[in-house]
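First to last, the sequence lines map onto chains A and B. Counting along the first sequence from 1, when you hit position 83 you're at 104 in the numbering used here, and nothing is skipped either side. Counting along the second sequence from 1, when you hit position 144 you're at 193 in the numbering used here, and nothing is skipped either side. In this text, a Cβ means the ideal position worked out from N, Cα and C, and glycines have one as well. Please read all numbers here as calculations on a predicted model, not as lab measurements. Below: the structure, in structure tokens.
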Amino acid sequence: MTRREMLSLCRNGFGSIALMGLMGTTPFGRVLRQLSSPPGPTPLLPRVPHQVPKARSVIFLYMDGGVSQVDSFDPKPRLAKEHGQDPHDKFKVDATQFDDVGTIMQSPWQFRHYGESGIEVSDLFPHVGACADDLAIIRSMVADFPEHTNANYFLHTGVGIQGRPSMGAWVTYGLGSENQNLPGYVVLDGGLIPSGGLDNFNSGFLPASYQASIFGTGDRPLANVEPLEDSSDIQRRKIALMKQADQRLLGRVGHVEEVESTIANYELAFRMQASVPELTDLTRETEATKRLYGMDSSDPHTRGYATQCLLARRLVERGVRFVELTCPRVETPRWDQHANLKEGHERNAHAVDQPIAGLLKDLKARGLFEETLVIWAGEFGRTPFAQGIDGRDHNPSAFSIWLAGAGIRGGTIYGATDEYGYRAVENITTIHDLHATMLHLLGIEHDRLTYRFSGRDIRLTDVKGNIIESVLD
Amino acid sequence: MQLPAPHVLCRIALLGAWVLLLGLFSACAPGDAPVDLPERVDYNFHIRPVLSNSCFVCHGPDSSTREAYLRLDLRKAATARREGGGRAIVPGSARRSKVIQRIKAEDADKRMPPAETTHRLSAREIALISRWIDQGAEYKPPWALIRPALPSGSPRSVDHFIDTQLDANGLASAPLANKESLARRASFVLTGLPPSPALLQVFIEDTTAAAYERLVDHLLDSPRFGERWARHWMDLVRYAESKGHEFDFTIEGAWRYRDYLIRAFNTDLPYDKLVTEHLAGDLLESPRFHPVEGYNESVIATSYLTLGEGKHSPVDTRLDEADRIDNIIDVTSKTFQGLTLACARCHDHKFDPIPTSDYYAFYGIFESTRFAYTPLLSSRQQAWLDSIQSAQRSLRSSVAAAWNQPLGGQEPYHRAAVRTGLHPDKVSVVPASHSMPSATQMGAVSRQDSTHRWRMIGDFRDGDYDGWFPHGPAFESTPQRSLLITKRGQIDSLAYGMVSSRHLSPGIPGALRSPTFTLDMDSIHVVAAGHGSVIRIIVDNFQLINPPIFNGIQAKVESAAPSTYRFGVKLWKGRKAYIELMVGSFKLQQHITDIHRILRSDSSYVEAVYAVAFDRTAPDLSKLPRAPDATAINVGQAVDAWAADQATVSQMAAINRAVHSGVLPRLDIGSLLDLIEGHRSQIGDVHYIMAVTEGNAIESPVFVRGNYQTLGDQPVPHRFLSAISDDAKPFSGLANERLEMARAIVDPSNPLTARVMVNRLWHHAFGRGIVQSTDNFGAQGSLPTHPQLLDYLALRFVEQGWSIKAILREMLLSNTFQRSTQPTPEAHIHDPQNLLLSHYPVRRLDAEAIRDAILAVSGRLDTTMYGEPVPTHLTEFMNGPGRPEESGPLDGGGRRTVYQEVRRNFLSPMMLAFDRPIPFSTFGTRNTTNVPAQSLTMLNDPFVAQQTKVWAQKIMIMHDLDIAGRIQYIYLTALSRSASPEDIADGLAFLEAETQRRKLDPAAALNDIKLWAAYCHVIFNLKEFLYLF
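Structure representation (structure tokens):
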């Protein structure tokens, strides 16, 4: 984009309007805000946030299916003491997804203290555990839904039904992106698309500009970025011919902003064809870096997730605003162990543990940690009692997540569950709070990032959300 | 709008000024001195928008967030004396009005709106409010709730209203567009396709004055018209063919609703009928029938109610139901009334006069509505059914005649009664409501043993339906009381004491559903027999019954003799439910997405003896009190009564005894049965749709703050919106309240219905509605740019029998529609957004039009209409649970986009990139975005690549055309115009350079597919192809 275009944008384009919306001033009054058709030539142009941001980018490590909190980041010795006893004698048991309530079940894993903070992490996550001093663990998360799909929509969009904008869409709507040659919101599909499908990553009623671009793991990372032509020369010629005709059109019909934007858009698309392959080309990464992530692991799923984590770093390095990683498809897919918890959780953990720790270390080594917010979370937790003999059912009343990186106070534990890890009881934290905190770190006041739909100014945080001050630096 | 005639022009000028202010204001910084205030300030057009945006959240209709006991939306309240003295608004004196004092307060703590909100009133807004108060603070009902009206005698045409406002603002209109543009524009607007070169030629060569009119009529008559406008409508009703959520289950027959819409728009079904069929097509006394197949057409419209998202295995069925109904209310109120009724789920509407009770009146109506697998019987099938019926009748009368034969002329044959007393005192079921009595209160408990609580839900032993609801031909509206059981073609006995779906024959579709009741016991037994059929307990109207938790409430019926089917319902105690006996079962062995599709075979049937709820032990019905024994039965009379289907249980028992004892002969009826079987085999496959049927009327109380666990005191009677039906009179209370709702919507006195629809038509014809917020005519919606035009069109719409085509025709024949897209320099400066329509707006084609145009241009378009959707083409990036087993064809079989499958979890990436909305709510207006994914699609998508080749193949073999001729052809086909000399020169240069680069022999180049594909690809990427001018 030329300086002239940039200036013209700021003068007339969507950038300035959105910015004023963000700044809370509406100089044109309500009428213009409604009548203006938002999409200017480059809706992803970076925009000034409400306040000085701590984080420039977000990497969201989505733990599909619901990791068991009492087996990962929330040790509960009482479960061992009362192992095998009837939970109904201990506390009120809520309706569960499978209605197959077994006895209280101790964790099959040992917990260890890590780092200066002495935070306890189970043996499922030895590598992440070693980074404990960088993590702010929230043990008191609650979700509104015990079913995957609704809980996924809730986690991703703040509303438990289909069709709402994903948090990545909200963030790029609010802030644009710092790299105009790559999408602003990228989902790295590790093999498992969550329940609820791609709508977890959509732009809902926000303009389509803000929907996620899905990168696959195959040879072609992103749909339609590979030129059809056997030589880039011929594509260039085609575009030249197209431009001639488009210019003649403008000569005939005069100044039409939308058409001019579309012409500009082709330039961007053309550049993306080059920047995506450059992004996914890992040949310039050192062997040491690759090993750090676990790309030499004997476990193919670890290798796969390691590649995704490395790509995530490369994306934020290039200024991409929001990156989400979905889980690899291990032999027991998702963290959704309704049976055989031990094997299933172990496989899933093995696939992600080293790559995640590698990502944290690599971000630090490159000075990106301070400007990248890393969120590790699933859609809900699991029951402290067994489902059947050796599984755990869904539990929306308590789960653990962690944050790291920009603006986060590492080595923190926030909130607590009851003695069984069944319900959050202290500093209960909602998904809305998580979203509010994330937006806050990005410099956005969550109650001022709105979009008018259905006659209402709608927010990612609905009418709720409190910033979790205690996890902030 | 009711305005006295002299004011009209002034008003229009004033509105024009309002419109123009946009342009002026965008040039000045906030806080600048207000300029150009209207002479007469209008509440609806100037004041309400300001108050609604800045004040109503705390001082508006919603009492729950009201501050300082002050509301400013009602004149009486706003002008009342305040407790602390003074008045918020003193009509005639802004200076004395507290509102003004507070708005202008220097002290930030006193200033309104409060500092913590981000709202600031601009100087202009403050000046407007002041002038309005000084002029008397006249309030008006919301503009959209005032019935459309026009001053008498005003000239009436679209152009009149447009031109008046242009004149008032001193703007000239653009000249008319050239014929090529006009043909392209009209063709895309009406059919979603470019004009064929042939049509274009006819139009260009037709130099008569009526040429354009003929073109418009031709396009309106094209079958492509219905395909185009059905798709517009599908955006309103969140059309999809699967339920989304976890496994994306296919919705049975959803596509038939799409076909219904195409037929409706093509035949110009009057809009009032369309609305009525949508809400109550199942309740019409004289429904419409499909023109060829002859099945009930009207009922298909109700499918729209069932097309929402569907949750897999909800832990809380009641919450799930509340969300489902909320979506129905949302879609229904936006689509038909342009109101956001769903905003009143948790509190009174914050901006519009919609109390929460309005929401729950609608809630009750839809809570009483049951989703139902609905068989569609063609007239051919109906004829075979009729012939089975008459064959059954003649079978009975011949049997009766034969049986009466030996008794003829003799004394009547008396016989002591068989001990037939079979049934206990009947217990009827009380409909569910929120104050439903439990079983114990009903006194339906066996007195013998208080620990064994039980309750009869349905007792069919005397052959009637016991208040259950029959649906479909298997269970006619009057029950049949007996079946003839044969052995080797000979009569063996009468089967009775049950309801059965096979009185006519097995395989006849239908269902029998109980009244709604409260689940207050642990278990339900249904004693039933049948084959290939199901019994389901439908809890809180939840249909998608699956493991893990729901498997206990659905059973496949597979038993020739009555068996007990047991359902554990402990998990759902306290919920409302009904029992459904349905012919046909589910495709459990299929791919997971298909498990909620119905599977009916020729031998499917279901019959039931009784259904009972109980806690621990099922009652032993043999120990129940029996009916008094009959005394003496006259077998002759019994036979006659049986032949007329009026036999009592005792009479049928007597016939059986008579047959078994040889008094009545075991007649051989094999040949008659074969005949019936022959008829039945002609019925063939039965089509099903998911539609609705009526259950008991259930009234819902208000859910306090939207939470069903905190209920208001009183159930809200079913009624229409209080702001529209003045007295908010409850509906009749009969079980056809959706019909009453439909009537209230299409009532000519409803101020919204016609306006909302003509505005939608205008939106599609001109790219922007007269009210830009097409789905929201409330205070938070946009104001009409041309209120009188809107009213004119609304009145005209009703006058012309709600004809959509007539109104569209009028719009398209207007000069306004025919203008060129080029604004005058003045219009460009003073009305940059073209709100006054001095010229025709340029816009990008929508997703479907782009794909369809590519197919039309390449020659691949297959115009086959109707039928099952073409499966979605799945790319490697489309993954997740419920992924179909196989991908559909890349080119969608060449069919129009409206026929491509819409799976919620596998939406077409091309459609999404080009802004087709995600199907979850009403979208009368799509976003128009500009994303790299769009350019990348046109540049690199395999579909586009494939179609350029198809097109090139066609061009390659045009041996009688030279290169320039081919370029001409390409331009005519794709861009609806001839190529200019420059176009041709550029094309030649490109093709020549390519020929050289690839070192092709120039003669062979003419037949080189790659060469032409490259050129065609460029054409698809031209903005002139993607935009409508």
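Open item on the list: Taking CB distances under 8 Å as the criterion, tell me whether G293 of chain B reaches chain A.
Closed with: yes
Task: Buried or exposed by the 16-neighbour rule on C-beta atoms within 10 Å, applied to A329 of chain B - done: buried
- [ ] Note down, in chain order, each residue of its chain lying with its Cβ closer than 6 Å to the Cβ of K485 of chain A, except the 5 sequence neighbours on either side.
- [x] H453
Task: CB-CB length for S1029 of chain B against T642 of chain B, believed under 8 Å - done: With a Cβ gap of about 51 Å, S1029 of chain B and T642 of chain B do not count as contacting.
TODO: In angstroms with no decimal places, state the Cα-to-Cα distance between P147 of chain A and D85 of chain A.
DONE: 20 Å
- [ ] Would you kindly work out how many angstroms separate the C-alpha atoms of Y435 of chain A and I158 of chain A, rounded to a whole number?
- [x] 6 Å
TODO: Report the rounded CA-to-CA distance for E379 of chain B versus C392 of chain B, giving the unit in angstroms.
DONE: Per the sequence shown, residue 379 of chain B should be read as Asp rather than Glu. Approximately 8 Å between the Cα atoms of the pair.
- [ ] Output, in sequence order along the chain, the residues in the region 263-276 of chain A whose CB is closer than 9 Å to any CB in chain B.
- [x] M263, Q265, A266, D267, R269, L270, L271, R273, V274, G275, H276
- [ ] Look up F132 of chain A in the DSSP assignment and say whether it is helix, strand or coil.
- [x] strand
Open item on the list: If you reduce the DSSP assignment to three classes, tell me which class S296 of chain A lands in.
Closed with: helix
Task: Per DSSP, the bridge partner or partners of V1067 of chain B - done: DSSP, once it has assigned bridges, lists no residue as partnering V1067 of chain B.
Task: Own chain residues within Cβ distance below 8 Å of A1034 of chain B, not counting five before or after - done: none
TODO: Could you work out which residues of chain B lie near F343 of chain A, taking near to mean beta carbons separated by less than 9 Å?
DONE: By Cβ distance, chain B contributes nothing, its closest Cβ being about 16 Å from F343 of chain A, past 9 Å.
- [ ] Under 8 Å by Cβ, that's how I've got I384 of chain B and T971 of chain B pegged, so tell me the actual separation to the nearest angstrom.
- [x] According to the sequence shown, residue 384 of chain B is Thr rather than Ile. Rounded, the Cβ-Cβ distance is 5 Å, consistent with contact.
Open item on the list: Less than 6 Å between C-beta atoms, sequence neighbours within five positions excluded: which residues of the same chain meet that for R715 of chain B?
Closed with: Q539, I540
Open item on the list: Measuring only from the beta carbon, is E199 of chain A closer than 7 Å to any heavy atom that is part of the ligand NAD?
Closed with: This structure simply doesn't include the ligand NAD, nor any ligand for that matter.
Task: As assigned by DSSP and simplified to three states, the class of E367 of chain A - done: helix
Task: Interface positions of the region 928-952 of chain B facing chain A (Cβ-Cβ less than 8 Å), listed along the chain - done: N928, G929, P930, G931
- [ ] Would you please state the rounded distance, in angstroms, between the beta carbons of K189 of chain B and H294 of chain B? I believe it to be under 8 Å.
- [x] 45 Å between Cβ atoms; not a contact.
Task: Cβ-based neighbour list, A445 of chain A, same chain, cut-off 7 Å, excluding 5 preceding and 5 following - done: S161, M162, V163, S418, A419, G436, T438
- [ ] For the beta strand (DSSP E) containing T742 of chain B, list its first residue and its last residue.
- [x] 736-743
TODO: Look at the Cβ atom of A660 of chain B, then the Cβ atom of I573 of chain B, and state whether they are nearer than 8 Å.
DONE: yes
Task: Top-ranked residue by Cα proximity to A1038 of chain B, from B:A1013, B:N227, B:F969 - done: B:A1013
Task: Any C-beta of chain A under 8 Å from that of R94 of chain B - done: Correcting the residue identity first, residue 94 of chain B is Phe in this sequence and not Arg. By this cut-off, F94 of chain B is not an interface position.
Open item on the list: Please give the ranges of any beta strand (DSSP E) in the region 580-660 of chain B, keeping only runs that are unbroken, at least 3 residues long and fully inside the region.
Closed with: 603-617, 625-632
Open item on the list: Check whether chain B comes within 8 Å of K259 of chain A, counting only Cβ atoms and requiring the distance to be less than that.
Closed with: yes
Task: contact_flag[the region 825-832 of chain B, the region 96-105 of chain B] where n(CB pairs < 8 Å) is 3 or more - done: yes
Open item on the list: Using C-beta distances below 7 Å, list every residue in its chain close to Q358 of chain A, excluding the 5 sequence neighbours before and after it, in chain order.
Closed with: G365, H366, G412, R413
Open item on the list: What does DSSP give as the partner residue(s) for T438 of chain A in the beta ladder?
Closed with: A:A445
Open item on the list: Any beta carbon of chain B sitting closer than 8 Å to that of D210 of chain A?
Closed with: yes
Task: C-beta neighbour in chain B for H109 of chain A, strict 8 Å - done: no
Task: Rounded straight-line distance, which links the Cα of M631 of chain B to that of G205 of chain A - done: 51 Å
- [ ] Check the C-beta distance from F105 of chain B over to F400 of chain B and give it rounded, since I have them as a contact under 8 Å.
- [x] 5 Å
- [ ] Please specify which runs of the alpha helix (DSSP H), each continuous and at least 4 residues long, are wholly inside the region 337-405 of chain B, giving them in chain order.
- [x] 366-386
Task: Element boundaries [beta strand (DSSP E), containing M701 of chain B] - done: Here M701 of chain B belongs to no beta strand (DSSP E); instead the alpha helix (DSSP H) covers 698-709.
TODO: In angstroms with no decimal places, state the Cα-to-Cα distance between A259 of chain B and R892 of chain B.
DONE: 27 Å
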